[in-house]
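Undergrad: Have a look at the structure that comes next, please.
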Amino acid sequence: MGEDVSFVRSLFTVPVKNLILIIVGLNGEIHGYGILKEIERVSHGFWKPSPGNLYTMLNKMVEEGLLEPHEEYRGKRRLVKYSLTERGWDYIRESNELALQSLYRAIEYHELMREKLRERGYGGELAREAIVEYLSVLDGVIELLERKREQLRAMLEEGSE
């Protein structure tokens, strides 16, 4: 039973763990409040974990060897900043590759669901602002995928020499 509960819990915490690792990796070193604010920004304010939950997760990630805490003092106030360990960088590298592989599938599902909603009468016209935002996201995805395609082609060419 314990393993089942642990597995189910991991289904919900792994995406959050990946997000935290990405935030820490991109910032180099960041304190918990900064992570909290970045999660809120990334989710457009729709989700903000409680500080207690966030710090529990950060402590667990320190125990797992993914993050390294760095204590600073500002007067009497203790501030802990986090950075990725080598294990954290390895973890995020693997997760990042998996995310890239999943990107196409996610876009495909998104389009299939939009079509299904349209068939059921829920897919009214998109507002102009939504179209502009959607195009911006797609342009960004296309740019990322084109860069990745060129990197992979270069890797193949290097390997065939």
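Using my numbering, the letters of the sequence shown map in sequence onto residues 90 to 250. Heads up, the beta-carbon is just placed ideally off N, CA and C, and yes, glycines get one too.
#1: Return the residue from the list G248, A216, G121, E218 that minimises the CA-CA distance to E161.
#2: Tell me whether I170 sits in a helix, a strand or coil according to DSSP, three-state version.
#3: Buried or exposed: which applies to V113, given that a residue is buried once 16 or more other Cβ atoms fall within 10 Å of its Cβ?
#4: Taking the Cβ atom as the reference point for each residue, do E118 and S191 lie within a distance shorter than 7 Å?
#5: What residue range does the beta strand (DSSP E) around E153 cover?
#6: Is R163 helix, strand or coil when you go by DSSP?
#7: Using 8 Å for Cβ pairs, my map puts K170 next to H159. What's the rounded Cβ distance?
#8: From L234 to A243, what does the alpha carbon distance come to, in whole angstroms?
#9: Excluding five sequence neighbours on each side, which residues of the same chain lie with their C-beta closer than 6 Å to the C-beta of A216?
#10: Who pairs with H120 in a beta bridge, going by DSSP?
#11: Quick one: Cα of W136 to Cα of K165, how far?
#12: Using alpha carbons as the reference points, say which of E200, V105, P104 lies closest to Y223.
#13: Could you name the residues of the same chain whose beta carbon sits closer than 6 Å to that of N107, not counting the 5 residues immediately before and after it, in chain order?
#14: In chain order, what residues of the same chain have a beta carbon less than 6 Å from the beta carbon of L125, not counting five sequence neighbours either side?
TA: Let's see:
#1: By 1-based counting over the sequence shown, the position of residue 161 is 72. Nearest neighbour of E161 by Cα position, chosen from G248, A216, G121, E218, turns out to be G121.
#2: Taking the first residue of the sequence shown as 1, we reach residue 170 at position 81. Position check: residue 170 holds Lys in this sequence, whereas Ile was assumed. Strand at K170.
#3: For the purposes of this step, residue 113 is taken as residue 24 along the sequence shown, with counting starting at 1. Looking at its Cβ environment, which holds 16 or more other Cβ atoms inside 10 Å, V113 is buried.
#4: As a position in the sequence shown, residue 118 is number 29, starting the count at 1. As a position in the sequence shown, residue 191 is number 102, starting the count at 1. Not a contact, by the Cβ cut-off of 7 Å.
#5: Taking the first residue of the sequence shown as position 1, residue 153 is located at position 64. Run containing E153: none; DSSP gives neither H nor E here.
#6: In the sequence shown, counting from the first residue as 1, residue 163 sits at position 74. Looking at R163 - three-state DSSP - the assignment turns out to be strand.
#7: One-based indexing of the sequence shown puts residue 170 at position 81. One-based indexing of the sequence shown puts residue 159 at position 70. So it is a contact: roughly 5 Å between Cβ atoms.
#8: The residue labelled residue 234 in the question sits at position 145 within the sequence shown. The residue labelled residue 243 in the question sits at position 154 within the sequence shown. Separation of L234 and A243 (C-alpha to C-alpha, rounded to the nearest whole angstrom) is 14 Å.
#9: Walking along the sequence shown from the start, residue 216 turns up at place 127. Closer than 6 Å at Cβ, skipping near neighbours: no residue.
#10: Residue mapping note: residue 120 aligns to position 31 of the sequence shown, counting from 1. In DSSP, H120 forms a bridge with K170.
#11: As a position in the sequence shown, residue 136 is number 47, starting the count at 1. As a position in the sequence shown, residue 165 is number 76, starting the count at 1. So the alpha carbons of these two residues sit roughly 31 Å apart.
#12: Locating residue 223 in the sequence shown gives position 134, counting from the first residue. Ranking the options by Cα distance to Y223, first place goes to E200.
#13: In the sequence shown, residue 107 corresponds to position 18, counting from 1. Taken in chain order, the residues that qualify are S184.
#14: Within the sequence shown, numbered from 1, the residue matching residue 125 stands at position 36. Closer than 6 Å at Cβ, skipping near neighbours: L143.
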